[in-house]
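If you're matching positions, the sequence shown starts at 1 in the UniProt record's numbering and goes up one per residue.
Before any comments, here is the structure.
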Amino acid sequence: MENIKFMKDKYEFTSASPIILMDSADRDNRNEQINLLIEDLNMYNVFLKDLVNFPLKEKERNIALNIAYYIIENEELRDNLNLSRHLNIPKLSRATKIKSDYIKKWKDYIVAYFIIINNPEYKFIQEYLKIKLKQRNRETRHNIIKQKTYRGIIIKLLLHNSACILTSTGEFKKIKLKGELTLGAVGEGKKKIGSAIYKIPVCILLLFLMIFGFNIYSKYTTASSIIVVQTTSNIKLHVNIYDRVIYSHSPTEKGKVLVSNLDAENRKIDDVITDILKYGLKNEMVSKENTVYITVAGQPLKYGELSETNKFIIENDIKVVINNSGVQQKLEDNINEK
Numbered sequence: 001m002e003n004i005k006f007m008k009d010k011y012e013f014t015s016a017s018p019i020i021l022m023d024s025a026d027r028d029n030r031n032e033q034i035n036l037l038i039e040d041l042n043m044y045n046v047f048l049k050d051l052v053n054f055p056l057k058e059k060e061r062n063i064a065l066n067i068a069y070y071i072i073e074n075e076e077l078r079d080n081l082n083l084s085r086h087l088n089i090p091k092l093s094r095a096t097k098i099k100s101d102y103i104k105k106w107k108d109y110i111v112a113y114f115i116i117i118n119n120p121e122y123k124f125i126q127e128y129l130k131i132k133l134k135q136r137n138r139e140t141r142h143n144i145i146k147q148k149t150y151r152g153i154i155i156k157l158l159l160h161n162s163a164c165i166l167t168s169t170g171e172f173k174k175i176k177l178k179g180e181l182t183l184g185a186v187g188e189g190k191k192k193i194g195s196a197i198y199k200i201p202v203c204i205l206l207l208f209l210m211i212f213g214f215n216i217y218s219k220y221t222t223a224s225s226i227i228v229v230q231t232t233s234n235i236k237l238h239v240n241i242y243d244r245v246i247y248s249h250s251p252t253e254k255g256k257v258l259v260s261n262l263d264a265e266n267r268k269i270d271d272v273i274t275d276i277l278k279y280g281l282k283n284e285m286v287s288k289e290n291t292v293y294i295t296v297a298g299q300p301l302k303y304g305e306l307s308e309t310n311k312f313i314i315e316n317d318i319k320v321v322i323n324n325s326g327v328q329q330k331l332e333d334n335i336n337e338k
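Listed below in structure tokens is the structure:
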């Protein structure tokens, strides 16, 4: 490798506004340059959307600019990049004494600047970029001014009156254009906020909703108690923590007919037991002479939870005894006790 010393602050972008005067022939020529630039960027696997969505700060752009110049001046690095179409990051890191992680972060900008500066066919674009030798012992940070609007060469036209531009300070921006919509023209406008800026918070929100939804779904579909209503056929009900029936079953044919008529899933346990007693009374599966036993295993029923069931058994004079997770009592007591 050639013995060329790398200087990270030899060149810098300035904010001086370039003056561009051109006729129709120049206009055609700059369009050709823009189209060729996009093709070259793609050949080197550098994409506008990445340059726009992952911008570099002023200091980082200036270092990337100096790395690009260093590659151009170093025949081995230059030829390697032209042949392989990608940066040899470990070799470049050793030559410049810059950590590989930084070069990896800046690589798209380094390659973009290399393509523009190294190719004499990009004369128009080169003249638009305001690059100068940095003056020694002089503070120049004030040269780059933060701005609400951006001005630069239109290098790609987008929908909704927007475009990608290359500014004179080496920034790639997506803006909402104020005026001319011509490729290669100098466009001006405010930065357009795309969907990329919302992707991370949206993904976090979606992940939270997925976890929350899965947690709710898991609780909803998990039985916290199993209730057996003993008519002439046993009816087994699986109930979740929200007191909703999530599964119903009977081992007998007559009981299966009852279950199919219940449509019990996702209904309140109070309504389901009431309907079991109604159906049983109507179809001789429940009689006023015999006691109906209800057995609860797992999470006990809350006091007052079977209010409709209690109302029905009182009106129809049905005897019901409930074993509420080990506590046996008449249903009226279970309902009315506070």
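Beta carbons: idealized from backbone N, C-alpha and C, even for Gly.
Because the structure is a prediction, the values reported are computed rather than measured.
The residues T231, L277, G280, V292, I318, in chain order, have a CB closer than 7 Å to that of V286 in the same chain once the five nearest residues on each side in sequence are set aside.
Contact holds between the region 108-128 and the region 57-64, because three or more Cβ pairs, one in each stretch, are under 8 Å apart. Relative to K148, the option among I175, E308, R30, K311 whose CA is nearest is I175. Annotated three-state conformation of Y303 is coil, per DSSP. In this structure, the beta-carbon distance from A297 to I241 does not fall below 8 Å. Collapsing the DSSP output to three states places E12 in a strand.
Pairing Y44 with L133 gives a Cβ-Cβ distance that is not under 8 Å.
Listed in chain order, the non-local C-beta contacts of V321 below 8 Å within the same chain comprise T291, V292, Y293, I294, Q328, Q329, K330, L331, local neighbours out to five positions each way being set aside. Between the region 117-130 and the region 159-176 there are three or more C-beta pairs closer than 8 Å, enough to call the two in contact. Taking C-alpha positions only, L81 is separated from I200 by approximately 33 Å. Rounded to the nearest whole angstrom, the CA to CA distance from Y217 to C203 is 20 Å.
Taken in chain order, the complete alpha helix (DSSP H) segments of 4 residues or longer contained in the UniProt domain "Anti-sigma factor RsgI-like middle" (234-325) are 253-262, 269-282, 307-315.
In this structure T274 is buried. Its beta-carbon is surrounded by 16 or more other beta-carbon atoms within 10 angstroms. Where E58 is concerned, the enclosing alpha helix (DSSP H) starts and stops at 58-73. In the DSSP annotation of this structure, the continuous segment of the beta strand (DSSP E) that includes K174 starts and ends at 172-177. Going by C-alpha positions, K256 is about 20 Å away from D270. About 5 Å separates the beta carbon of Y70 from that of F6, a gap short enough to meet the 8 Å contact definition.
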